[in-house]
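Just below is one structure, and these are the notes that go with it.
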Amino acid sequence: MHFFKTLLSLTLLLAGAQAAKKSSAERFDDFHAKSQRSTPVKLKEPSYKTLTTAPRDYTVAVLLTALETRFGCQLCQEFQPEYELLAQSWTKGDKSGESRLIFGTLDFVDGREVFVTVFSQLGLQTAPVLLLFPPTEGPHAVASKDPLRFDFNTGGHMFNHIRKVPYVSGDGRGGVTYFSGNFQSQLGMETQIVAAIYGLLAFCSIALIVKVPRIADSGTQQVAVIAWSVILFSMYSFMLSIFRIKNSGYPFSLPPFM
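Shown next as structure tokens:
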């Protein structure tokens, strides 16, 4: 038994060394050619390591499954046809490989060590498990993980673009309203007003924390404290009034916007 474990370790080591010799593009070309014949590509431990090793200029989706009936994985049996349909449809529509995406399947009987490693690292206990390996280099790789790159894609501005919301709306009495009266919708002007309030509240806080303490004259400093505090209080009161428009049951308010 010890001999077989040693032999397996040496095999994986040699596979990793061989994979390192091939460039990312060469590895993609090899597996892309295999996927054109049969997809998802059926993997074993050495080919799994070769396919997923970094650096990669392509994406890999690998399904860890256990299809043999002795394992009793009913979910594996049900999920496998759906995964195969997805892989075949994608590969058929992208024969040239422009998306740089490879679908693979690793069965438990062909990759016990991989299952043990992955399940222990991720704290998993049951199959199937779908692993996604994004590219680490090339034009498809994420250049930076800085969340600032995605802030505007998860805010109200992107919601407006997706839903094509109107800029303002009528109030039913011949007038114009700038705020939608529920949480499931919003208006374009509403987004801009709320963004301006947040910006002004942030600026007031920064001024009180950073700018005001640096004022040398005590009288001027006191006036600045009062002025910025009044602006901060007023803007927060205005924000609460907007929240009450969105949620009529909200019980709290502050003057002057009661």
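Counting from 919, one number per residue, gives the positions in the sequence shown under the working numbering. No residue lacks a Cβ here, since even glycine has one placed at the ideal position from N, Cα and C. If you're wondering where the values come from, they're calculated on a predicted model, not measured in any experiment.
Given this structure, state the Cα-to-Cα distance separating residue i from residue j, to the nearest angstrom.
i: Y1146; j: Y1154; result: Residue 1146 is actually Trp in this sequence, not Tyr. Cα to Cα, W1146 sits roughly 12 Å from Y1154.
i: S1134; j: P1169; result: The question names Ser, but residue 1134 in the sequence shown is Ala. Near 42 Å, if we compare the C-alpha coordinates of P1169 and A1134.
i: S1152; j: P1174; result: 7 Å
i: L926; j: T983; result: At L926 the pLDDT is 48, less than 50, meaning the model places this residue with poor confidence; the figure from the coordinates comes in the next sentence. Each residue's Cα considered, the two are about 21 Å apart.
i: F1156; j: P958; result: 56 Å
i: V1036; j: L1042; result: 8 Å
i: K1082; j: G1073; result: 14 Å
i: D1012; j: S965; result: 22 Å
i: T1009; j: E1016; result: 10 Å
i: S1038; j: V1032; result: 10 Å
For residue i, is the classification buried or exposed, using 16 other Cβ atoms within 10 angstroms of its Cβ as the cut-off for buried?
i: V980; result: buried
i: E1108; result: buried
i: F1101; result: exposed
i: N1165; result: exposed
i: Y976; result: buried
i: Q1140; result: exposed
i: L961; result: buried
i: S1171; result: exposed
i: L1050; result: exposed
i: V1086; result: exposed
Assuming residue i is part of the beta strand (DSSP E), what are its boundary residues?
i: F1051; result: 1047-1051
i: D948; result: Per DSSP, D948 belongs to no beta strand (DSSP E); it is in the alpha helix (DSSP H), 942-955.
i: G1215; result: Limits of the chain in this structure are 919 at one end and 1176 at the other, which puts residue 1215 out of reach.
i: T1109; result: No beta strand (DSSP E) holds T1109; the alpha helix (DSSP H) holding it covers 1106-1124.
i: I1020; result: 1019-1025
Starting from residue i, follow the alpha helix (DSSP H) in both directions and report where the run begins and ends.
i: L1003; result: 992-1011
i: V1034; result: 1030-1040
*Mind the definition here: the region 952-969 touches the region 1001-1021 only if three or more C-beta pairs lie below 8 Å; say whether that holds.*
yes
*Would the region 971-978 and the region 993-1004 be scored as touching if the rule is three or more Cβ pairs under 8 Å?*
Touching, no, given that fewer than three Cβ pairs across the two stretches are closer than 8 Å.
*Taking three-plus beta-carbon pairs below 8 Å as touching, is the region 1087-1099 in contact with the region 1116-1127?*
no
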